[in-house]
Amino acid sequence: MVVSGCLQGSRELGVRQSGEGTRVQHTEETGDNAVSHNRSHEPSDYRILLGYHRLQHPTEHSRQMTVYRLIVHNEFNKHYFMGSDIALLQLHLSVNFTSHILPACLPGPTTKLPLHSSCWITGWGMITEGDFLAPPFQLQEGEVGIIDSEVCKMYFQLPDSSSSEYSIHEDMFCAGDLMTGKSICQGDSGGPLVCKLNSSTWFLMGLSSWSQACHYPISPSVFTRITYFSNWISEKQSTSPNPHPSLAPPQEKPPILSDFTSLGMVHKPTTYITLVSSQTFLLLLISLRTL
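Per the working numbering, the sequence shown starts with residue 37, numbered consecutively.
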C-alpha cells in the first residue's frame with residue numbers, strides 16, 4: 037500500500053484505478069519492530085515491493101524500489117511495551133502511481149477515527165498460529181471494527197492486576213472481529229489498517245504492531261496510531277532532503293518470492309506497509325522487537 041497526501045482510491049489497493057499517472061516523491065512507513073526483527077538499520081539491506089498481489093507471481097505492474105535512508109523512532113519500546121512502534125524509509129526514487137499502485141491518505145493529527153468504525157487489514161502473514169500462507173502467497177484481507185481501549189485492555193490483563201506491561205497507550209488502538217476471528221498474525225507486522233472516512237477516501241489509520249496468539253479464542257489486535265505520529269512524520273519529511281536520482285542503484289527486476297517467512301513478526305505478550313507522501317519519503321511503519 038502506498039500512502040500520500042490525499043488521493044482517493046478503493047480498498048483493493050493495486051486493483052482499481054486511483055491517481056493514475058501521478059508521480060510522487062515519497063516516504064514509506066512501517067512498524068519499528070519489523071526493522072528490529074530484520075536486525076539491520078542499513079538502507080541497502082531493504083527492498084520495497086509495489087504492485088504485488090501474489091508474491092510468487094509478479095506482473096508487468098510490479099515494481100521493486102531501493103531505500104535511501106531509514107529513520108527509526110528514538111522512543112521505540114523505551115517507556116512501555118511496543119511504544120512508538122514506527123519507522124520511516126526514504127526511497128531513492130519517487131513512486132509512479134498507476135491503476136495497480138495506489139495511494140491511501142495520511143491522516144492529520146486531528147483526524148478522528150470513530151469508535152466501531154469499520155476498517156480493513158491486509159497482509160501476507162500466517163493464516164493461523166501454525167499455518168503459513170500457501171503459494172502463490174495471495175494478499176489476505178479482513179474487515180475489522182475499532183474496539184474501545186478500556187475494553188481491549190481486559191484481554192491483555194495479567195493475573196497480577198498491578199502489572200501494566202501489556203497496556204494500551206495513547207499511541208496505540210485496538211481492532212478486530214471477535215466473532216469471525218479476523219486478526220493480524222505472524223508476518224503481518226507493520227501492515228496497514230485503512231478506514232474509509234468519507235464517501236470515497238481511504239486513510240491509513242493504523243499499523244499492525246502486536247497481539248495475542250492468532251488462534252481461537254481470538255483477542256483484539258493492537259495497532260500503531262498514525263494520527264499520534266503525524267507531526268513526527270511531517271517533521272522528518274521536512275528535514276530530510278530528497279536524494280539525487282544519480283544516487284539510486286540500478287533498478288532490479290521485481291523478484292519472485294518463494295519463501296518469505298522472515299517478514300515482519302507480530303509480537304505477543306503471553307507485525308509492512310508502504311506509505312507515500314508528496315515529498316521524497318516512503319514512510320514504512322515497521323516493528324523493532326523480536327519474539
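Backbone N, C-alpha and C fix where the C-beta goes; we use that ideal spot for every residue, glycine too.
- Quick one: grab the DSSP three-state call for residue 264. Under the three-state reduction of DSSP output, residue 264 falls in the helix class.
- Can you tell me the Cβ-Cβ gap for residue 173 and residue 91, rounded? I've got them flagged as a contact below 8 Å. Rounded, the Cβ-Cβ distance is 4 Å, consistent with contact.
- Item | Among 255, 251, 78 and 94, nearest to residue 288 - alpha-carbon criterion | Per the Cα distances, 94.
- Message: Suppose you measure from the CA of residue 277 to the CA of residue 118; what does that come to, to the nearest Å?
- Response: Rounded to whole angstroms, residue 277 to residue 118 spans 29 Å at the Cα level.
- Query: For residue 181, which beta-bridge partners are listed by DSSP?
  - Reply: Residue 181 is bridged by DSSP to 154 and 212.
- Under the three-state reduction of DSSP, which class applies to residue 79: helix, strand or coil? Residue 79: helix per DSSP, three-state reduction.
- Task: Give, in chain order, every unbroken run of the beta strand (DSSP E) that is at least 3 residues long and sits entirely within the region 226-257.
- Result: Taking only runs of at least 3 residues, the beta strand (DSSP E) segments lying wholly in the region 226-257 are 228-232 and 238-247.
- Those residues which DSSP pairs with residue 85 across a bridge: Listed as beta-bridge partners of residue 85 by DSSP are 100.
- Item | Cutoff 8 Å; reference residue 88; Cβ partners in own chain excluding five residues on either side | Closer than 8 Å at the Cβ level, and outside the excluded window around residue 88, lie 50, 94, 98, 175 and 290.
- Query: Taking the continuous beta strand (DSSP E) assigned at residue 221, which residues delimit it?
  - Reply: In the DSSP assignment, residue 221 falls outside any beta strand (DSSP E) and carries neither an H nor an E.
- Query: In terms of residues, what are the limits of the beta strand (DSSP E) holding residue 127?
  - Reply: First-last of the beta strand (DSSP E) with residue 127: 123-127.
- Query: On the three-state DSSP scale, how would you describe residue 269?
  - Reply: Helix at residue 269.
- Query: Can you name the start and end residues of the beta strand (DSSP E) that residue 140 belongs to?
  - Reply: Under the DSSP assignment, residue 140 falls in the beta strand (DSSP E) whose first and last residues are 139-141.
- Task: Indicate whether residue 229 and residue 157 have their beta-carbon atoms separated by less than 7 Å.
- Result: Cβ atoms of residue 229 and residue 157: closer than 7 Å.
- Message: Using a 10 Å radius around the Cβ and a threshold of 16 neighbouring Cβ atoms, would you call residue 251 buried or exposed?
- Response: The residue is exposed, with fewer than 16 neighbouring Cβ atoms inside 10 Å.
- Message: Rounded to the nearest angstrom, what separates residue 263 and residue 153 at their Cα positions?
- Response: Here the alpha carbon of residue 263 sits roughly 15 Å from the alpha carbon of residue 153.
- Based on the DSSP output, what are the partners of residue 167 in its beta bridges? Looking at the DSSP assignment, residue 167 forms a beta bridge with 164.
- For residue 106 and residue 127, believed in contact at Cβ under 8 Å, the rounded distance: 11 Å between Cβ atoms; not a contact.
- On the premise that residue 266 lies in contact with residue 143, defined as a C-beta separation below 8 Å, what is that separation, rounded to the nearest angstrom? In this structure residue 143 touches residue 266 by the C-beta definition: roughly 6 Å separates them, less than 8 Å.
- Task: Please say whether residue 82 and residue 108 have beta carbons closer to each other than 7 Å?
- Result: Here residue 108 is not near residue 82, since their CB atoms are 7 Å or more apart.
- Message: I'd like to confirm the pairing. Which residues does DSSP put opposite residue 108 in its beta bridges?
- Response: Residue pairing of residue 108 in beta bridges, as defined by DSSP: 123.
- Item | Opposing strand residues paired with residue 176 [DSSP bridges] | According to DSSP, residue 176 bridges with 159.
- Could you give the distance in angstroms between the alpha-carbon of residue 115 and the alpha-carbon of residue 286? Going by the C-alpha atoms only, they are around 41 Å apart.
- Query: In chain order, what residues of the same chain lie with their CB nearer than 6 Å to the CB of residue 270, ignoring the 5 residues before and after it?
  - Reply: In the same chain as residue 270, and ignoring 5 residues on each side of it, no C-beta atom comes closer than 6 Å to its own.
- Round the Cβ separation of residue 239 and residue 147 to the nearest angstrom and send it over; I've been treating them as touching at under 8 Å. Contact holds; Cβ gap of about 7 Å.
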